[in-house]
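Student: First the structure, which I've put down as structure tokens, then a few questions once you've had a look.
If you want it as structure tokens, here you go:
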């Protein structure tokens, strides 16, 4: 099946499942028998039946610890892998049946795999990509010019890729990936190894592509900053199952049930440190206190009501946990569930 | 939006034309890439020059010892020029089986397959660029050395052109065989040993150092029955011959071997692709 054309849903998974056959190393095959005996295999589930949809123009973070099933999902969505069961469509194409057509409408950027030729100027790679995507030469030249201007690549394209910094190279990588005007951009760890400035630049480029050009972004990253600054929605996967699908705000608010209440006092608090179940208090200075509230034990409002009666509060803020902590918690859950199993 | 020509509706001819454009594009890029490695190519030329110098001394001693003007129908000058041609073919080989092996092992193959244009087309364009640069350079270095040591030999333009055309077909056959060996990484741990055997057998039975006409009868018959002689000995002998005798036999052997190897590798590639889509990179 391949319908192609425009559709509101850019990516759709319905019960998509992937299992692998692995040699069962627990069953020993010794001696000469190993030369003619087929080792027993066991089935490993890389992706449990998974269903989600991504609308055209969305910017989605697909996150989870190593081995969670992210790569398997992306490989299926880009047509590399066949699923064991279920169905997926990307821009109306069934990826594993219509890989060639799909590759003309999507782009993939892998932080650790370059698509530029190391010893050649990036401009040569652009020319090659123009040919392999079978683009009209004049239009591709104009498109390359526009991308260069937008990504600040002037002066970089004529230098051998090996002489570029990692940040400059990644800007060239993204520009090269966009040469054929893809409608979906799959990014796998695009900021890995970049310094702070280069990360910020790349994130703002991807964000702008999504917001200005309406390119659907599907990003996997272990970097909390990528998730927060590039995406509006997160899909969290671990041990092959989707465990969260919602907005970034909801993820931060609900995935880790913890709030931080920070207080600025108008006069020093001299009484006993407030002790409540589910609350850890820290005195930062005589005038500044911080309370970590486990909202599964006690609501933040209850804690706040208790504090207002006891302290002279000049200012207060209630914050959700930082994204780093959210991701660490997700990965922690995965580790503990692995340990249990 | 940038215009994508697409070739879905063009049929076989359209797709073939597209593939040719892709091969050409890879060829051009890798030709430029080769320019960045000219030092390495030049180093290969020095090694070839040393080889040829030693072999020239050996053949001069052999002719002196035999006290003959010709051996197996070859004059000393023809043998040296024969060595230039066969060495140019061998030293221009591109060991891309290792690259494919690595692609399979690291999973890069899966990512390469996502790109339009085709994995084999990409490798072929790159192979052709690298091979032709090395071949031309080896011919240049060897030719200068042969001119200095034994002088020119009479070569007709037609045998020269047909011989070079046979060399091109032989390079295509070599590409297919090396591709087949590289794809073997889907089934075996390391393909480098198979590549080593392939190169050594083809050198010995292809007549790299000694024209097959000088082989003992039985070994010569075995060598002629295999494609290696047609790849290495055949084109060199054709260039040095005065006419086009055996040219049809040479091209039949090359064409038949290409069809057979091509069919086998086509099947192997299909199975390999299914293994990628089944098990991932």
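Protein chains in written order, with the numbering used here: chain A, 51 to 391; chain B, 36 to 316. All C-beta atoms, glycine included, are put in the ideal place defined by N, C-alpha and C.
1. Measure the beta-carbon distance from residue 296 (chain B) to residue 212 (chain B) and round it to whole angstroms, keeping in mind my assumption that it falls under 8 Å.
2. If the cut is a Cβ gap below 8 Å, which residues of chain A does residue 151 (chain B) touch?
3. Is residue 119 (chain B) closer than 8 Å to residue 174 (chain B) when the C-beta atoms are compared?
4. May I have a chain-ordered list of the alpha helix (DSSP H) segments no shorter than 4 residues that lie completely inside the segment 230-296 of chain A?
5. Which of the residues in the segment 125-154 of chain B, read from start to end, lie with their CB under 8 Å from any CB of chain A?
6. Taking its Cβ as the centre, do 16 or more other Cβ atoms sit within 10 Å of residue 262 (chain B), making it buried, or is it exposed?
7. Using a beta-carbon distance cut-off of less than 9 Å, what residues from the segment 57-68 of chain B approach chain A?
8. According to DSSP, residue 109 (chain B) sits in a beta bridge with which residue or residues?
9. Short check: CB of residue 229 (chain A) to CB of residue 178 (chain A), under 8 Å?
10. When DSSP labels each residue in this structure, what does residue 140 (chain A) get in the three-state scheme?
11. Only counting the same chain, and skipping five residues up and downstream in sequence, which positions put a Cβ closer than 7 Å to that of residue 145 (chain A)?
12. Only counting the same chain, and skipping five residues up and downstream in sequence, which positions put a Cβ closer than 7 Å to that of residue 302 (chain B)?
13. Does any residue of chain B bring its CB to less than 8 Å from the CB of residue 24 (chain A)?
14. My understanding is that residue 115 (chain B) touches residue 91 (chain B), with C-beta atoms under 8 Å, so please give their C-beta distance in whole angstroms.
15. With DSSP run on the structure shown, which of helix, strand or coil describes residue 291 (chain B)?
16. Residue 174 (chain A) touches chain D at which residues, Cβ-Cβ below 7 Å?
17. Comparing the C-beta of residue 290 (chain A) with each C-beta of chain B, is any distance below 8 Å?
18. In its own chain, which residues sit with a C-beta less than 6 Å from the C-beta of residue 157 (chain B), not counting the 5 before and 5 after it?
19. If we count the other Cβ atoms within 10 Å of its Cβ and call it buried at 16 or more, is residue 93 (chain B) buried or exposed?
20. Taking CB distances under 8 Å as the criterion, tell me whether residue 234 (chain A) reaches chain B.
21. Would you check if the segment 160-172 of chain B and the segment 124-141 of chain B touch, i.e. whether three or more CB-CB distances between them fall below 8 Å?
22. How far does the beta strand (DSSP E) with residue 342 (chain A) in it reach, from first residue to last?
23. With a cut-off of 8 Å, does the C-beta of residue 266 (chain A) fall near any C-beta of chain B?
24. Taking only the alpha-carbon atoms, compute the straight-line gap between residue 281 (chain A) and residue 255 (chain A) and give it to the nearest angstrom.
25. Name the chain A residues whose beta carbon is nearer than 9 Å to that of residue 258 (chain B)?
26. Where do the ends of the beta strand (DSSP E) carrying residue 99 (chain A) lie?
27. Return the first residue and the last residue of the alpha helix (DSSP H) that residue 69 (chain B) is part of.
28. Can you confirm whether residue 53 (chain B), when its beta carbon is compared against all beta carbons of chain A, has any partner nearer than 8 Å?
29. Chain A beta carbons: is any one of them nearer than 8 Å to that of residue 220 (chain B)?
30. Along the chain, where does the beta strand (DSSP E) that runs through residue 314 (chain A) open and close?
31. On the DSSP letters alone, give me the boundaries of the alpha helix (DSSP H) that residue 95 (chain B) sits inside.
32. Can you tell me whether residue 135 (chain B) is buried or exposed, with buried defined as 16 or more other CB within 10 angstroms of its CB?
33. If we count Cβ pairs, one from each stretch, closer than 8 Å, do we get three or more for the segment 333-348 of chain A versus the segment 308-315 of chain A?
34. Would you say residue 52 (chain A) faces chain B, with C-beta separation under 8 Å as the test?
35. For residue 269 (chain A) versus residue 222 (chain A), is the C-beta distance shorter than 8 Å?
36. Residue 150 (chain A) lies in the alpha helix (DSSP H); which residues open and close that run?
Tutor: Looking at the coordinates:
1. Sequence index remark: in the second chain, residue 296 (chain B) carries index 261 (1-based). Sequence index remark: in the second chain, residue 212 (chain B) carries index 177 (1-based). The Cβ separation is near 6 Å, so the contact holds.
2. If you number the second chain from 1, residue 151 (chain B) lands on position 116. By Cβ distance, chain A contributes 150, 153, 154, 182, 183 and 184.
3. Stepping through the second chain from its first residue, residue 174 (chain B) is reached at position 139. Stepping through the second chain from its first residue, residue 119 (chain B) is reached at position 84. In contact: residue 174 (chain B) and residue 119 (chain B) (Cβ atoms closer than 8 Å).
4. 246-263 and 274-280
5. 143, 145, 146, 148, 149, 150, 151 and 152
6. Stepping through the second chain from its first residue, residue 262 (chain B) is reached at position 227. Residue 262 (chain B) comes out buried.
7. The segment 57-68 of chain B vs chain A, Cβ under 9 Å: 57, 59, 60, 61, 63, 64, 65, 67 and 68.
8. For this step, residue 109 (chain B) is matched to residue 74 along the second chain. DSSP, once it has assigned bridges, lists B:106 as partnering residue 109 (chain B).
9. Position 179 of the first chain, counted from the first residue, corresponds to residue 229 (chain A). Position 128 of the first chain, counted from the first residue, corresponds to residue 178 (chain A). No.
10. Residue 140 (chain A) sits at position 90 when you count from the first residue of the first chain. Residue 140 (chain A) falls in the strand class under three-state DSSP.
11. On the first chain, position 95 is the one that residue 145 (chain A) refers to. 126, 127, 128, 129, 138 and 152.
12. Walking along the second chain from the start, residue 302 (chain B) turns up at place 267. Cβ contact annotation for residue 302 (chain B) (same chain, cutoff 7 Å, sequence separation greater than five): none.
13. Because chain A in this structure spans residues 51 to 391, residue 24 (chain A) falls outside the shown range and cannot be described.
14. Within the second chain, the letter at position 80 stands for residue 115 (chain B). Within the second chain, the letter at position 56 stands for residue 91 (chain B). 6 Å between Cβ atoms; contact.
15. In the second chain, counting from the first residue as 1, residue 291 (chain B) sits at position 256. If DSSP states are grouped into helix, strand and coil, residue 291 (chain B) belongs with the helices.
16. The chain inventory of the structure shown lacks chain D, comprising the protein chains A and B.
17. Position 240 of the first chain, counting from 1, holds the residue named residue 290 (chain A). Taking Cβ atoms only, chain B never reaches closer than 8 Å to residue 290 (chain A), which makes this a no.
18. As a position in the second chain, residue 157 (chain B) is number 122, starting the count at 1. So the qualifying residues of the chain are 61.
19. Locating residue 93 (chain B) in the second chain gives position 58, where the first residue counts as 1. Looking at its Cβ environment, which holds fewer than 16 other Cβ atoms inside 10 Å, residue 93 (chain B) is exposed.
20. Here the question's residue 234 (chain A) lines up with position 184 in the first chain. Output row for residue 234 (chain A): interface = no.
21. yes
22. Here residue 342 (chain A) refers to the residue found at position 292 of the first chain. Residues 338-344.
23. Within the first chain, residue 266 (chain A) is the residue found at index 216, counting from 1. Judged by the 8 Å Cβ criterion, residue 266 (chain A) is not in contact with chain B.
24. By one-based count along the first chain, residue 281 (chain A) stands at place 231. By one-based count along the first chain, residue 255 (chain A) stands at place 205. If I take the Cα positions, the gap works out to 12 Å.
25. Along the second chain, read from residue 1 onward, the residue named residue 258 (chain B) stands at position 223. In chain order: nothing, as chain A lies at least about 34 Å away.
26. On the first chain, position 49 is the one that residue 99 (chain A) refers to. Start and end: 91-105.
27. In the second chain, counting from the first residue as 1, residue 69 (chain B) sits at position 34. Per DSSP, residue 69 (chain B) belongs to the alpha helix (DSSP H) from 46-70.
28. Position 18 of the second chain, counted from the start, is the residue given in the question as residue 53 (chain B). Cβ-Cβ to chain A under 8 Å: yes for residue 53 (chain B).
29. The residue given as residue 220 (chain B) occupies position 185 in the second chain. No Cβ of chain A is located within less than 8 Å of the beta carbon of residue 220 (chain B).
30. Here residue 314 (chain A) corresponds to residue number 264 of the first chain, with the count starting at 1. That run of the beta strand (DSSP E) goes 308-315.
31. Residue 95 (chain B) sits at position 60 when you count from the first residue of the second chain. Residues 73-101.
32. In the second chain, the residue the question calls residue 135 (chain B) occupies position 100. Residue environment analysis places residue 135 (chain B) among the buried positions, since at least 16 neighbouring C-beta atoms fall within 10 angstroms of its C-beta.
33. Taking one beta carbon from each stretch, the segment 333-348 of chain A and the segment 308-315 of chain A have 3 or more pairs nearer than 8 Å; the two touch.
34. Position 2 of the first chain holds residue 52 (chain A). Residue placement at residue 52 (chain A) is flagged as unreliable, the pLDDT there being 41, under the threshold of 50; a coordinate-derived value is accordingly withheld.
35. Along the first chain, read from residue 1 onward, the residue named residue 269 (chain A) stands at position 219. Along the first chain, read from residue 1 onward, the residue named residue 222 (chain A) stands at position 172. Taking 8 Å as the Cβ cut-off, residue 269 (chain A) and residue 222 (chain A) do not qualify as a contacting pair.
36. As a position in the first chain, residue 150 (chain A) is number 100, starting the count at 1. Unbroken alpha helix (DSSP H) run through residue 150 (chain A): 149-153.
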